[in-house]
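Protein chains: 2
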Amino acid sequence: MEAQSSFMALTLEEVAQKAGVSRSTVSRVVNAHPSVRDEVRERVWQVIRDTGYQPHAAARSLVTRRTRIIGVIIPEAVNTLLGTPFFARFLAGVTHTCNLREYNLMLSLFDSPAGQREMYRRVLGSGYLDGVIVASTPVDDPLIPQLLEDNVPWVLAGRHPDERVNYIDVDNALGARMAVEHLIRLGHRRIATVAGPPGMISAQDRLLGYKQALEAYRIPIDDALIIPGDFTEDGGTAATQRILSASPTAVFAATDSTASGVLKGIREAGMQVPQDIALVGFDDIPLATSLDPALTTIRQPIEELGSMAASLLLDILENPPDSGAPAHQMILPVKLIVRASCGALSY
Amino acid sequence: MEAQSSFMALTLEEVAQKAGVSRSTVSRVVNAHPSVRDEVRERVWQVIRDTGYQPHAAARSLVTRRTRIIGVIIPEAVNTLLGTPFFARFLAGVTHTCNLREYNLMLSLFDSPAGQREMYRRVLGSGYLDGVIVASTPVDDPLIPQLLEDNVPWVLAGRHPDERVNYIDVDNALGARMAVEHLIRLGHRRIATVAGPPGMISAQDRLLGYKQALEAYRIPIDDALIIPGDFTEDGGTAATQRILSASPTAVFAATDSTASGVLKGIREAGMQVPQDIALVGFDDIPLATSLDPALTTIRQPIEELGSMAASLLLDILENPPDSGAPAHQMILPVKLIVRASCGALSY
DNA sequence: TTGTAAGCGTTATCAT
DNA sequence: ATGATAACGCTTACAA
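Chains as they are written, first to last, in numbering that gives the first Met the number 0: chain U, 0 to 346; chain Z, 0 to 346.
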């Protein structure tokens, strides 16, 4: 107990005594309840300021059934996301909204499905959270039906086919389409893509955008040009063999990390980007400008994704929609960033 | 209220009724108190399993004065750390320990000192947290004396001169020394360094290691070879001019990001790494292997740093040292990773 | 070993 | 507008 922090010592009762009013009045002042005389309110505030009184969160939660804590769950974090700035930028966005609206953020990562369930029980079940944001999860993550069934207020960062899901996502399909159409306009016709994990909607959407671009230009889709990947750099390098044997003039990689791996593979094969093969990525992480040649890519507003996911969740919490209401679903725009790897800069 | 999750409905009282015992007995069972008859204990557990009962965290905290939540505060996160995997990996480490020991993690980032104070009041003052981990903070962050004064249980991820501070850090000085000695053994004598922000202990230690290496080999320290930087890639690029005018044969960059910037600058100046200038970084982030040439660097165990910081904090929480006891201070080993940028591979 | 009852610091209902 | 007072769900003496 001696290692306990020294504030938080005061209670409502003590503040009330010092101010010469009752506990309830102080509570009203703290909660900005209107029916308190101005003079009294000021007197109470004075005591609160003087003493540095802070209401005890747990006591408050016990009666209000609200904690002002939201959770962020990122199932895939420990695996593929760890090397990537996505994670940090997304959290920065969430944090920004939380700070603004005086909420707090509890972070949940785990390395196994068992861990996920354990955490679900422990954190959701014991009432720690008012709601949760789920990011970067496979479409068929069992978490999703469970959240739905348990009627937890939650928001998905990422598109989802279920119409009951509140989600917000970047426009993966359009971004991919922009990337590929850019290559087409540069004169390319044999364009390969290194796709992402088939279970991720974002990967599906980027592949879809790839196909849409080709269709828009009446270029037949050749399955040999669609190479499996996993969003990682190593996945990109591993794809090189299959890319080269399909002899494309350009490659659209589903992530910048993948593009980096592809670049490495191409270089090892003795070819050059963009002279022999043009290359475009997706994400616009800092790595994109560190590569040589600098990577043409699609920039997605990750921090905004985070801050808006949080805003959406807090709106839902503070203004619960009635059960018939449709879910909120929103798509953020992306942007083509032209650098050297696509070959456009030499024209 | 209709947007409330559906579990958490049960209370101790209801479980007690179903099991035909009193509230306190159920409480004892839940808290593994020994003096409960085996038969009763089993009966109670059965009901708990059947009903999925979970104790209400807030109610529990109100009486135990513990939340089983620890905070992670990263003051510099929003500025320099956002593009870097440090952040994600550190949190993964903390999370790992938290999961293991059934604690939860609350994340606090902010973009301003004012925001930091506001958060301090809101989060620490209202009793949300049992303790905090502070990472990546300047030596003179006002947070540090305040935590000390308020007697908050806390741990710093990063060395600190104040002997009262419980900290854990990687061996920045030794790492830098290893990097520079590696260059010296490769035959270099004019070795420049691009340092980090002077207010960060990690930057100071890396600079110290640089000097120690030179001293160990009786190479005079030339201030012209010590170039200011800020840990970022742009800082590295910006340093190029000054590096080149000091005409070193090798450069030790305080971070891999910095090294990447230096590499870019050197290349733009029409020179080659490692032929014209050898280059070594620090951190071993994924970028290091994406660069061409791949970056020789010092690998630091970031996840371990996070998990051990958490372990230390939880140990302190669960076993409060008496006030006379010395602080826990611990340094983790680092490792030299030799790749192409130092020129060693061609020998 | 078990149960009764007090109390943790709030909010909220109900008088006044 | 203000003050008693009863919850909120749990832990923990204290009694039995």
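Where is the CB? At the ideal position from N, CA and C, for every residue including glycine.
Going by Cα to Cα distance, which pick from the options is closest to residue i?
i, options, result
"Ile200(Z)", "Asp139(Z), Val39(Z), His95(Z) and Val193(Z)", "Asp139(Z)"
"Ala194(Z)", "Ile226(Z), Gly92(Z) and Tyr119(Z)", "Ile226(Z)"
"Gln274(Z)", "Gly126(Z), Leu9(Z), Thr254(Z) and Leu185(Z)", "Leu185(Z)"
"Val333(Z)", "Gly124(Z), Ala178(Z), Ile183(Z) and Pro33(Z)", "Ala178(Z)"
"His327(Z)", "Pro320(Z), Leu173(Z) and Asn165(Z)", "Asn165(Z)"
"Ala337(U)", "Leu128(U), Leu80(U), Leu182(U) and Ser246(U)", "The amino acid at residue 337(U) is misidentified as Ala; the sequence shows Val. Of the listed residues, the one whose Cα sits closest to Val337(U) is Leu182(U)."
"Thr63(Z)", "Gly323(Z), Gly342(Z), Glu317(Z) and Ile330(Z)", "Glu317(Z)"
"Arg189(U)", "Pro144(U), Thr248(U), Leu142(U) and Leu243(U)", "Thr248(U)"
"Glu232(Z)", "Thr254(U), Phe86(U), Leu286(U) and Ile167(U)", "Leu286(U)"
"Ile47(U)", "Arg22(U), Arg163(U) and Asp204(U)", "Arg22(U)"
"Val279(U)", "Leu311(U), Ala191(U) and Arg266(U)", "Ala191(U)"
Please tell me whether residue i has its Cβ less than 8 Å away from any Cβ of chain U.
i, result
"Ser259(Z)", "yes"
"Pro54(Z)", "yes"
"Leu311(Z)", "no"
"Met105(Z)", "yes"
"Gly82(Z)", "yes"
"Asp161(Z)", "no"
"Pro273(Z)", "no"
"Gln3(Z)", "Reliability of the predicted coordinates at Gln3(Z) is poor, the pLDDT of 43 falling under 50, and the value obtained from them is presented with this limitation in mind. Yes, its Cβ sits closer than 8 Å to a Cβ of chain U."
"Asn165(Z)", "no"
"Asn230(Z)", "Here residue 230(Z) is Phe; the residue named in the question, Asn, does not match the sequence. So no, Phe230(Z) is outside the interface."
Output the boundary residues of the alpha helix (DSSP H) element that contains residue i.
i, result
"Thr231(U)", "Thr231(U) -> no alpha helix (DSSP H), and no H or E assigned at all."
"Thr365(Z)", "No answer is possible for residue 365(Z): the residues shown for chain Z start at 0 and end at 346."
"Leu316(Z)", "Ile301 to Glu317"
"Ala113(Z)", "Pro112 to Met118"
"Gln274(Z)", "That residue, Gln274(Z), is in no alpha helix (DSSP H); it is neither H nor E in DSSP."
"Ile143(Z)", "Leu142 to Asp149"
At which residues does the beta strand (DSSP E) containing residue i begin and terminate?
i, result
"Ala277(U)", "Ala277 to Val279"
"Asn98(U)", "Element bounds for Asn98(U): not the beta strand (DSSP E) but the alpha helix (DSSP H), Phe85 to Leu99."
"Leu155(U)", "Trp153 to Ala156"
"Thr296(U)", "Thr296 to Arg298"
"Gln53(U)", "From DSSP, Gln53(U) is part of no beta strand (DSSP E); its letter is neither H nor E."
"Ile336(U)", "Lys334 to Ile336"
"Leu224(Z)", "First-last for Leu224(Z): undefined, no H or E at that position."
Give a yes or no on whether 8 Å exceeds the smallest Cβ distance from residue i to chain Z.
i, result
"Met177(U)", "no"
"Phe109(U)", "yes"
"Tyr127(U)", "yes"
"Met329(U)", "no"
"Leu185(U)", "no"
"Val28(U)", "no"
"Tyr346(U)", "Note that Tyr346(U) has pLDDT 48, beneath the 50 cutoff, so the model's placement of it is unreliable and no number is given."
"Arg116(U)", "no"
"Asp282(U)", "no"
"Ala326(U)", "no"
"Thr239(U)", "no"
Quick check on DSSP: helix, strand or coil for residue i?
i, result
"Leu104(Z)", "strand"
"Asp37(U)", "helix"
"Asp282(U)", "strand"
"Arg163(U)", "coil"
"Gly126(Z)", "coil"
"Arg22(U)", "helix"
"Gly198(Z)", "coil"
"Val14(U)", "helix"
"Gly186(Z)", "coil"
"Thr239(Z)", "helix"
"Gly70(Z)", "strand"
"Ala249(Z)", "strand"
"Ile47(Z)", "helix"
"Asp321(U)", "coil"
"Thr192(Z)", "strand"
"Asp204(U)", "helix"
"Ala8(U)", "coil"
"Ala293(Z)", "coil"
"Val138(U)", "coil"
"Leu81(U)", "coil"
Could you tell me whether any non-hydrogen atom of the ligand SAM is closer than 7 Å to the CB of residue i?
i, result
"Thr236(U)", "You won't find the ligand SAM in this model; it holds no ligand whatsoever."
>> Count Cβ pairs between the region 261-270 of chain U and the region 201-214 of chain U that sit closer than 8 Å; are there 3 or more?
In response: Taking a contact to require three or more Cβ pairs closer than 8 Å, the region 261-270 of chain U and the region 201-214 of chain U do not qualify as touching.
> Is the region 105-114 of chain Z close to the region 85-102 of chain U, with three or more CB pairs under 8 Å?
Replying inline: These segments touch.
> On the three-pair Cβ rule with 8 Å, is the region 115-127 of chain Z touching the region 135-150 of chain Z?
Replying inline: The region 115-127 of chain Z vs the region 135-150 of chain Z: in contact.
>> When you compare the region 56-63 of chain U with the region 52-61 of chain Z, are there three or more beta-carbon pairs, one atom per stretch, that lie closer than 8 Å?
In response: Judged by Cβ distances under 8 Å, the region 56-63 of chain U makes contact with the region 52-61 of chain Z, as three or more pairs qualify.
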